[in-house]
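As structure tokens, the structure follows; a few thoughts come after it.
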Ligand code: SRM
Ligand code: SRM
Ligand code: SRM
Ligand code: SRM
Ligand code: SF4
Ligand code: SF4
Ligand code: SF4
Ligand code: SF4
Ligand code: SF4
Ligand code: SF4
Ligand code: SF4
Ligand code: SF4
């Protein structure tokens with residue numbers, strides 16, 4: 093029988109020798125060119141990192157391909173980033189240019205450093221999940237095709253972090269991204285009453301609803317949904333497969349903006365609702381691509397140097413953001429959940 | 093029978109002629125000296141206002157006294173301010189100095205303008221209310237005696253607005269004052285069960301509790317209080333006299349700080365808990381006087397010119413405020429009511 | 002002093018701030034009620050506890066509000082304050098008085114009451130402090146005869162109040178006094194006859210300095226503002242500079258949106274109108290040089306209130322700009338819709354702010370017919386829990 | 002193309018960003034499961050709806066988590082993805098690999114699974130995407146044999162992750178990789194056997210840049226920081242200035258607390274240590290000249306999570322500073338106390354942040370033994386609803 097609880101492989105076995113020698117002794121870094129970092133250690137040793145955009149969904153051939161490259165240029169060492177990019181760790185400067193050449197030939201994009209867009213953190217969508225309101229990989233591909241040049245050029249006012257989650261569970265840091273693309277449902281789920289009584293625990297289902305929209309119906313051993321209160325989150329479905337939330341007609345995508353995670357300059361911020369709904373329009377979701385493009389472009393045109401999306405918006409005010417982007421402001425933008433009150437405008441200070 | 097619904101006297105009858113002539117045509121003002129404003133209208137007419145500190149509780153003799161003064165120096169016109177000061181409206185400049193002389197002789201304090209402390213907005217306390225946790229007039233008198241020179245001199249970094257409310261109902265703008273003095277109870281109320289069943293509507297009482305601490309006891313037609321959840325607000329007492337909240341042993345005073353109302357520079361802000369409890373120590377509440385004095389002095393010593401209390405604290409950080417004032421930080425300072433989450437520190441940015 | 006019956010209160014005769022104890026003592030000479038009040042207060046100071054019973058329902062004919070009933074819990078010791086009810090008398094807009102009007106009040110109050118008053122109560126009323134039940138009606142009759150009427154109490158409209166406004170302030174963007182008077186007159190019934198779920202307060206400030214603290218203390222707050230550019234008198238600006246005002250540091254440096262630039266060479270102050278959020282700071286500091294714009298009106302905010310029971314709220318913008326000119330039809334109509342909406346939906350003792358919190362701003366705006374605009378929020382929602390009206394989903398689907 | 006079975010997906014082969022469709026097509030050549038996945042995805046693109054059934058419970062012996070069960074709802078058309086479960090394989094700290102380790106994984110996955118993977122999942126695991134039920138155990142056996150183990154899923158500790166930290170970053174204030182590895186090893190049981198009310202996530206960043214987004218995505222976030230002054234290399238500062246960096250505007254002007262002053266005459270950067278809130282901005286912009294201080298440790302934050310069901314939370318500071326040195330006893334002990342506290346009190350599917358919200362930070366701090374400090378709050382409470390322990394009231398009374 094297999095050993096259990098051995099835990100992951102020890103990272104120390106995975107570190108390239110240059111890292112082992114300089115572990116904790118890095119002195120500074122610079123961005124040599126988009127996608128290429130140069131870290132210098134206390135004793136002057138150098139490590140070049142080449143960051144490569146990845147679709148995250150890789151087959152074993154793709155992994156073997158990057159292993160080949162790592163063997164050839166990096167003594168067999170590489171890593172992945174927290175945003176799912178690949179990083180080649182080049183300790184021999186003379187191998188840097190050849191690696192870049194080869195990546196270029198193989199059409200692996202190099203970039204994502206400094207003031208660029210990095211990879212879109214995303215989720216399973218129709219590829220592997222049971223609750224999605226949209227696909228993830230397809231939208232990501234379409235949006236990254238559109239923003240490609242901002243990955244390979246560091247021409248943005250600041251870092252741009254886009255994330256994508258295919259349902260309100262928000263697997264990823266969608267709730268704190270410069271731009272978040274979020275799959276949403278828009279109709280209360282359909283309750284298969286008979287099935288509920290057979291396969292679901294009623295109290296758990298009732299408790300799952302964030303808005304208290306679910307009432308037990310003890311007589312028929314099922315539940316009823318108050319359609320006025322339901323906000324289509326799908327949490328009931330997670331607890332009970334007999335409550336169907338997916339709806340090909342009405343599911344789609346929402347866009348949130350202005351989140352950030354780092355503590356640099358300003359505290360971390362949540363992403364906030366910009367566009368309540370865009371249709372699911374596979375395979376390339378043109379409305380979503382266009383909407384993201386527009387927001388990015390308006391930010392580029394108006395932000396000051398170094399200003400993250402949310403910092404820019406907070407400086408100019410949300411009212412101005414809606415004006416500049418041409419996005420209509422609706423009742424949906426006004427919070428009405430638990431912590432709504434602190435989001436209301438309790439001052440006469442605002443722009444026209 | 094008396095006429096009803098006639099409404100208040102028409103304010104137009106109460107306006108001095110100089111105001112009638114220049115209504116809506118004032119051009120600018122200046123503070124001639126503490127407590128004396130000079131407003132100049134478009135056509136050059138002047139109006140001098142002399143602001144006089146009032147204990148608010150006035151007997152008819154006191155009112156007649158100020159009427160006499162108004163007759164003598166202001167053609168019989170005067171007004172009161174939103175903070176309950178008296179304002180003499182002097183249209184004849186030659187009467188200004190004599191009025192000031194007479195006020196000085198009669199020991200009416202002149203001040204409260206510009207960067208000074210104005211009157212303490214306050215409430216009934218033991219003089220007329222049924223729910224107080226402390227007295228109002230006595231504390232106000234003691235604190236104003238202490239801060240008197242800041243009323244008559246404009247020597248503060250900015251305006252200082254202190255308010256006082258004798259219970260959590262907070263009659264006044266205590267929740268948005270630079271310093272708020274608040275009467276608090278600290279023990280769950282005593283339920284006179286028999287009486288409850290006779291004189292109170294149980295559902296109303298249960299609904300009155302902000303923290304859901306009250307359970308109906310239908311059998312005995314009374315209610316029970318969960319002492320772990322009760323926050324001693326007294327709202328149940330308001331609904332039901334059989335639930336006694338006043339307690340001479342444990343009632344006292346809390347201090348909140350950093351609120352403001354105006355939209356100038358920064359949005360309006362709530363006052364926030366600084367000192368959870370000070371004892372009721374009549375007649376002069378030395379602990380309260382001392383605590384307020386300390387906070388004011390630390391603010392004077394550290395604030396920049398023009399910085400209201402809350403603006404100063406927000407700039408230096410609350411952690412620094414507690415440090416500078418020497419006020420201990422306790423678990424009570426951490427919000428645990430409905431909107432607690434947005435008050436938590438969701439960033440690594442803070443001072444040691 | 003050794004013989005004083007109020008040794009504790011006597012301590013409060015000391016000090017430089019006017020002493021309410023001295024005042025009460027003076028009143029006590031004339032009025033037994035004032036005397037007993039003083040003694041009962043001394044007892045409270047001794048025992049550290051109040052001696053008033055839970056308020057009872059008393060009033061005057063035809064009204065449900067305007068009088069706060071109050072009974073001593075020690076009528077044995079303080080028979081003259083056995084009944085000690087207060088009147089809330091509606092103040093004239095802006096708290097302006099002639100001495101003759103005040104003397105009239107004094108005469109009436111000496112006749113029927115304790116001779117003690119509050120000028121004014123925290124809501125704005127004249128508080129006549131302490132009369133026995135039997136005197137309520139005659140006192141009211143006489144007040145009414147002399148042109149005074151009661152304010153609100155209980156679950157009704159409360160006495161509106163307003164800052165001094167155009168009567169003496171160069172910043173006033175709306176006629177606060179007239180508006181306050183108009184609203185008060187318009188809703189006399191709502192003011193005098195409690196029939197709502199709870200209280201409703203209205204306060205009016207002429208500009209964003211908000212000198213009646215309306216944003217904090219009124220369910221519906223009206224705050225004057227303007228839509229065009231601040232008016233600048235360039236010469237007066239230069240004069241301030243010449244007098245040594247640090248325009249860069251104290252004015253531009255504290256403008257919340259950095260809408261101001263100071264050009265010291267030219268002694269010119271530049272205002273980027275579209276960045277100005279009308280906070281009043283620069284105007285406050287340079288009243289001779291700067292004034293609010295010409296296109297004036299008011300911002301309306303809803304929901305302000307104290308802490309009971311779902312937290313204190315500061316008012317929330319619901320109308321960024323409304324012209325405010327007599328007869329104020331738009332505002333009065335909106336007020337009526339708001340009253341109705343709240344009246345029909347609120348639970349007992351639920352302020353409108355709490356109701357909006359419970360039902361959602363969306364429901365409120367929709368039902369009273371106000372269009373959502375970004376000025377209503379500091380920032381949009383961060384959560385994805387928003388409602389789709391069935392008809393919307395059909396059309397987009 | 003006209004004959005393509007996946008005309009919609011084919012559109013996603015276009016464009017410059019690497020195409021997941023190309024990858025799936027290549028895998029499909031070797032693996033029928035990958036082929037059916039492609040086709041089922043095409044159907045989803047056609048119908049705009051997912052085709053996976055609600056997850057089922059599958060797993061490997063001895064574990065309760067680590068495998069996500071997944072079944073096609075069209076096994077008739079896509080029999081090869083009838084069962085298509087994923088493994089969550091615990092990544093090495095910092096996502097470092099040797100090519101040989103990766104090749105080993107590929108070999109195993111070609112043998113038992115679809116050949117498709119995610120490098121990595123959003124929590125940080127290696128995701129092996131799609132295997133039939135019967136292959137789960139043998140696949141796991143082989144993974145284990147080659148030194149890999151599963152990560153978390155279900156109501157257990159989730160796979161901790163960490164930024165690259167000291168391995169390649171000059172900013173790291175704690176050894177993120179070692180700490181991540183230590184925690185993962187320490188809590189193997191909690192990671193593999195779901196027995197808690199819900200999931201619990203831990204993420205570790207070496208400095209406040211928070212490159213693993215720990216504050217947003219982990220119930221317990223560990224973020225490196227320091228307590229003394231930023232280390233300054235004055236010559237390197239001057240060099241930046243000489244190279245034309247606008248130190249006043251870009252560095253000092255964006256310091257959130259104005260803790261920095263630039264003296265251009267002397268080319269000197271002054272840091273007021275007590276004002277610095279360690280936001281990293283100046284260090285980020287001048288990495289050759291500035292470095293975190295020497296007295297290093299971490300800030301701990303609790304409660305970060307996504308939106309379900311009581312709103313998304315960003316983590317809340319609970320320990321402003323803790324030294325982080327092996328064997329990390331203080332942290333591990335605290336973690337145990339936190340796990341227990343939550344485990345004993347939480348409702349089903351209640352994240353710790355929600356539990357703290359429900360019971361109050363006071364209760365949490367008290368029970369796990371953390372002293373309240375002002376660093377925990379952005380600002381103190383504005384409401385007066387605070388609790389007095391009976392013993393306190395006695396002593397103060
Ligand atoms: C490799 C990686 C860590 C890892 O363990 O994988 C990493 C590495 C570095 N980060 Fe990061 N960050 C990485 C994810 C993040 C994240 C997390 C995320 O995006 O999900 C954040 C928080 C993002 C946010 O705020 O929303 C992050 C916020 C930063 C910041 C602060 C940026 C800001 O100004 O707000 C810096 C500082 C800077 O860039 O000046 C930084 C700086 C750096 C430095 C310069 C640190 C160093 O000295 O080595 C590294 C190169 C940065 C670059 O790309 O230009 N790193 N960094 C991650 C690369 C992800 C990728 O593929 O793009
Ligand atoms: C008379 C009065 C209005 C009334 O109808 O009664 C009034 C009158 C003036 N206020 Fe006020 N304010 C009056 C209560 C208020 C209040 C309400 C309160 O304190 O409860 C506020 C909000 C306070 C707060 O934010 O907590 C208030 C916030 C201001 C401000 C903004 C101050 C700030 O910087 O935050 C100004 C502007 C200034 O002073 O530069 C202002 C300015 C003024 C000016 C200069 C307006 C003018 O040009 O005439 C008046 C003389 C100010 C002075 O005293 O120096 N007034 N003012 C009130 C006097 C109360 C008193 O007896 O002290
Ligand atoms: C007299 C006055 C205090 C004063 O000394 O000035 C006062 C006195 C009382 N207030 Fe008040 N409130 C007074 C202004 C206020 C204000 C300030 C304002 O109106 O600007 C507030 C805060 C603003 C607000 O409305 O939220 C205020 C918030 C309350 C509350 C809490 C309401 C809430 O929603 O949080 C209560 C409790 C209640 O309604 O049962 C309350 C209740 C009371 C009662 C009726 C006591 C009770 O529980 O029934 C007090 C009667 C005292 C007495 O015997 O005379 N009083 N009360 C003020 C009215 C005078 C006037 O008409 O001018
Ligand atoms: C695979 C993965 C997405 C991905 O493509 O990368 C994922 C996939 C699922 N997540 Fe997640 N979550 C994944 C990372 C996250 C993250 C990000 C993170 O961990 O940093 C979050 C947000 C952070 C958080 O935990 O709050 C996240 C928040 C959720 C939630 C909402 C939790 C909440 O409290 O709000 C659910 C709902 C649930 O637990 O029932 C959920 C549930 C799910 C389920 C199990 C669906 C369900 O309802 O049972 C998904 C299974 C998909 C499948 O079939 O494979 N997933 N999930 C990520 C795990 C991979 C890994 O182990 O590395
Ligand atoms: S975001 Fe929703 S649909 Fe997407 S992987 Fe997570 S749980 Fe599944
Ligand atoms: S979808 Fe969400 S909001 Fe609607 S009933 Fe289900 S759990 Fe409640
Ligand atoms: S604050 Fe409380 S005790 Fe004081 S007057 Fe108002 S209701 Fe009465
Ligand atoms: S005093 Fe307040 S918190 Fe306590 S039981 Fe009464 S209503 Fe509830
Ligand atoms: S609110 Fe404005 S208009 Fe009214 S008195 Fe104050 S400064 Fe003047
Ligand atoms: S009013 Fe306020 S926001 Fe407008 S320019 Fe003046 S200081 Fe700036
Ligand atoms: S979090 Fe800090 S230590 Fe970790 S990689 Fe990012 S910058 Fe470096
Ligand atoms: S780390 Fe941030 S807060 Fe500290 S000095 Fe640098 S910029 Fe200022």
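Protein chains in written order, with our numbering: chain R, 93 to 444; chain V, 93 to 444; chain S, 2 to 398; chain L, 2 to 398. All residues carry an ideal CB built from backbone N, CA and C; glycine is no exception. In this text, all values refer to a predicted model and were calculated from it rather than measured experimentally.
Between the options, which lies nearest to residue i when the distance is taken from Cα to Cα?
i, options, result
"residue 177 of chain V", "V:210, V:196 and V:183", "V:210"
"residue 96 of chain V", "S:265, S:150, S:91 and S:315", "S:150"
"residue 352 of chain L", "L:321, L:297, L:315 and L:378", "L:315"
"residue 298 of chain S", "S:226, S:132 and S:234", "S:226"
"residue 365 of chain R", "R:102, R:426 and R:444", "R:426"
Measuring only the C-alpha atoms, how far is residue i from residue j?
i, j, result
"residue 288 of chain L", "residue 121 of chain R", "7 Å"
"residue 415 of chain V", "residue 440 of chain V", "19 Å"
"residue 371 of chain V", "residue 342 of chain V", "8 Å"
"residue 102 of chain S", "residue 380 of chain S", "49 Å"
"residue 152 of chain L", "residue 81 of chain L", "26 Å"
Reducing DSSP to helix, strand and coil, say where residue i ends up.
i, result
"residue 216 of chain L", "helix"
"residue 45 of chain S", "helix"
"residue 240 of chain L", "helix"
"residue 121 of chain V", "strand"
"residue 182 of chain V", "strand"
"residue 362 of chain S", "helix"
"residue 269 of chain S", "strand"
"residue 240 of chain R", "helix"
"residue 106 of chain V", "helix"
- Using a Cβ-Cβ cut-off of less than 9 Å, give me the residues of the stretch 371 to 385 of chain S that come near chain A, in sequence order. The structure shown contains no chain A; its protein chains are R, V, S and L.
Count Cβ pairs between the stretch 333 to 342 of chain L and the stretch 233 to 248 of chain L that sit closer than 8 Å; are there 3 or more?
no
Requested in this report: Assess, as a yes-or-no matter, whether the stretch 185 to 192 of chain V is touched by the stretch 128 to 144 of chain S under the definition of 3 or more beta carbon pairs within less than 8 Å.
Outcome: no
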